[in-house]
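Step one of this worksheet: look at the structure below.
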Amino acid sequence: MRVYQRGKRWGIDFSYNGKRVRRLVADTKREALLKLGMIVERIKAEETNGIPASAPRSFDEFAKEYLDFLKAEMTPENYQRESYKVNTLVKSFRDSTLDGITTIQIEQFKLSRRKKVKPASVNREIALLKRMFSRAKDWGYTDKNPASKVKLFKEPPGRIRYLTIEERRLLLEECEGMLFAIVLTALETGMRKGELQRLTWDVVDFDRRNIKVLMSKNNESRILPISDLLVPVLQKLYIARRGAYVFSKPDGSPYGNWRKAFETAKQKAGIKDFRFHDLRHTFASYLVMAGVDIRTVQVLMGHKTIRMTMRYSHLSQAHLLDAVNKVGTNLAQFETTQFDNPLSDVKSTTGT
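Count the sequence shown with UniProt numbering and you get residues 1 to 352, in order.
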């Protein structure tokens, strides 16, 4: 019973009832050991209860194990979001075994859910189901993934709402104290709400003027520069710090939620159709409109794929067109009068 490495992947190798099980299951040794341990514990528990380890696995039982696995791998915020989707799937597939679930059954689930929620929500659930079956295969519970052939719904382009320069000014004018620091940090770094809530002073480097964002949505880290505008604000917070968290309450604990304060400031500023997450869109939009290349924007935003960042690319073209038109407007009165006959031939100015 062991784990082994092949290339960049890690596998598990063990024998049970005279049958050798050997397969690649993870990207890290830690994850492979975790999976091997879970399989061993499952076999022991089932033998103790008199249940053959080879008995068909119900989706409900597997979902509980999958959630235990996620809890050890994810941040509390991401785990809560993922567990909600898992429980949605359990409601529809709890009476089925993993081997008993068919592609047709999943297609029916997809169509049924579409009547209740948006295509994007259904797609996230189907994508999760695909990942769950992939794990089930890795853990030796099944040999198939009936969700792999299910096509996702086409989704409309993602909503992008960003603040105009004037809206930004009005919003910041209505933000006071800690809320001002939170909103400005979001605008100047593009950090997600959860990342702001978990931000601690040990990852803020004033000498190098950067912030190392840990445990982001993709469970990866990225380095964000601290802008000239943000430096003095964070320095004042640091001098008056009340604990490990950058944005903390008087007792030193992190702010769990600032939704009400943000909504109040937004209403006073007269800003409509705007969410806190749109501060992140504002950060990305300003970068693109300033001419920053898409690849750099991807890195700063922490997007796993360039496709996610390409949502902002149209802003670059629109901004360039607007800039060209502004230049043209200043000369329009004079220059357009020189174009009074569009059908005339091009004439040489040198003479013949």
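Glycine included, C-beta positions come from ideal geometry on N, C-alpha and C.
- Beta-bridge partners of Trp258 (DSSP): none assigned.
- Contact between Tyr162 and Ser313 is ruled out by a C-beta separation of about 14 Å, above the 8 Å threshold.
- Taken through DSSP and simplified to helix, strand or coil, Tyr4 comes out as strand.
- Secondary structure at Trp139: coil, using DSSP grouped into helix, strand and coil.
- Exposed is the label assigned to Met310, since fewer than 16 other Cβ atoms lie within 10 Å of its Cβ.
- Counting other Cβ atoms within 10 Å of its Cβ, Ile12 reaches 16 or more and is therefore classed as buried.
- If you look at Arg222, you'll find it in the beta strand (DSSP E) that goes 222–225.
- Here the alpha carbon of Phe276 sits roughly 16 Å from the alpha carbon of Phe247.
- Looking at Asp68, Asp207, Phe262, the one whose alpha-carbon comes closest to that of Leu172 is Phe262.
- Secondary structure of Asp205 (DSSP, three-state): strand.
- Only residues of its own chain outside the window of five on either side were considered, and among them Val86, Met132, Arg135 have a CB closer than 7 Å to the CB of Tyr66, listed in chain order.
- Per DSSP, the unbroken alpha helix (DSSP H) holding Ile182 starts and ends at 177–189.
- Per the Cβ contact rule, the region 141–155 is in contact with the region 114–130 (3 or more Cβ pairs under 8 Å).
- Ser15 has its alpha-carbon roughly 14 Å from the corresponding atom of Glu41.
- Contact check between the region 290–301 and the region 202–212: fewer than three CB pairs, one atom from each, fall below 8 Å, which does not count as touching.
- Inter-segment contact for the region 237–244 and the region 255–271 is absent: fewer than three beta-carbon pairs are separated by less than 8 Å.
- Between the region 66–80 and the region 94–106, the count of Cβ pairs shorter than 8 Å is below three; the stretches do not touch.
- Within the same chain, no residue comes within 7 Å of Asp228 by CB-CB distance, once the 5 residues on both sides are set aside.
- In this chain, the alpha helix (DSSP H) harbouring Asn87 covers 76–93.
- Under the DSSP definition of a beta bridge, Asn210 partners with Asp205, Pro225.
- Among the bridge pairs identified by DSSP, Thr200 is matched with Tyr245.
- Secondary-structure assignment with DSSP links Ala290 through no beta bridge to anything.
- The beta carbons of Val204 and Leu234 sit closer together than 9 Å.
- The C-alpha of Glu166 is placed about 15 Å away from the C-alpha of Gln267.
- Annotated as distal: Gly194 and Met301, with beta-carbon spacing of 9 Å or more.
- In the structure shown, the three-state DSSP call for Thr97 is strand.
- CA-CA distance, Lys149 to Ser112, rounds to 18 Å.
- Setting aside the 5 residues that flank it on each side, Lys137 is surrounded in the same chain by Asp143, Asn145, each with a C-beta closer than 7 Å to its C-beta; the list follows chain order.
- In the structure shown, the three-state DSSP call for Arg113 is helix.
- Between Lys110 and Val122 a beta carbon distance of about 6 Å is seen, short of the 8 Å cut, so the two are scored as contacting.
- According to the DSSP assignment, Thr309 belongs to the alpha helix (DSSP H) that extends over 306–309.
- The Cβ neighbour count for Tyr4, taken over all protein chains shown within 10 Å, is under 16; the residue is labelled exposed.
- Contact between Leu34 and Ala63 does not hold, since their C-beta atoms are separated by about 18 Å, which reaches or exceeds 8 Å.
- Per DSSP, reduced to three states, the secondary structure at Ser134 is helical.
- Inclusion of Arg6 and Asp60 in the CB contact set at 9 Å is not warranted, their separation being larger than that value.
- Classified as exposed, Tyr238 has fewer than 16 neighbouring CB atoms from the shown chains inside 10 Å of its CB.
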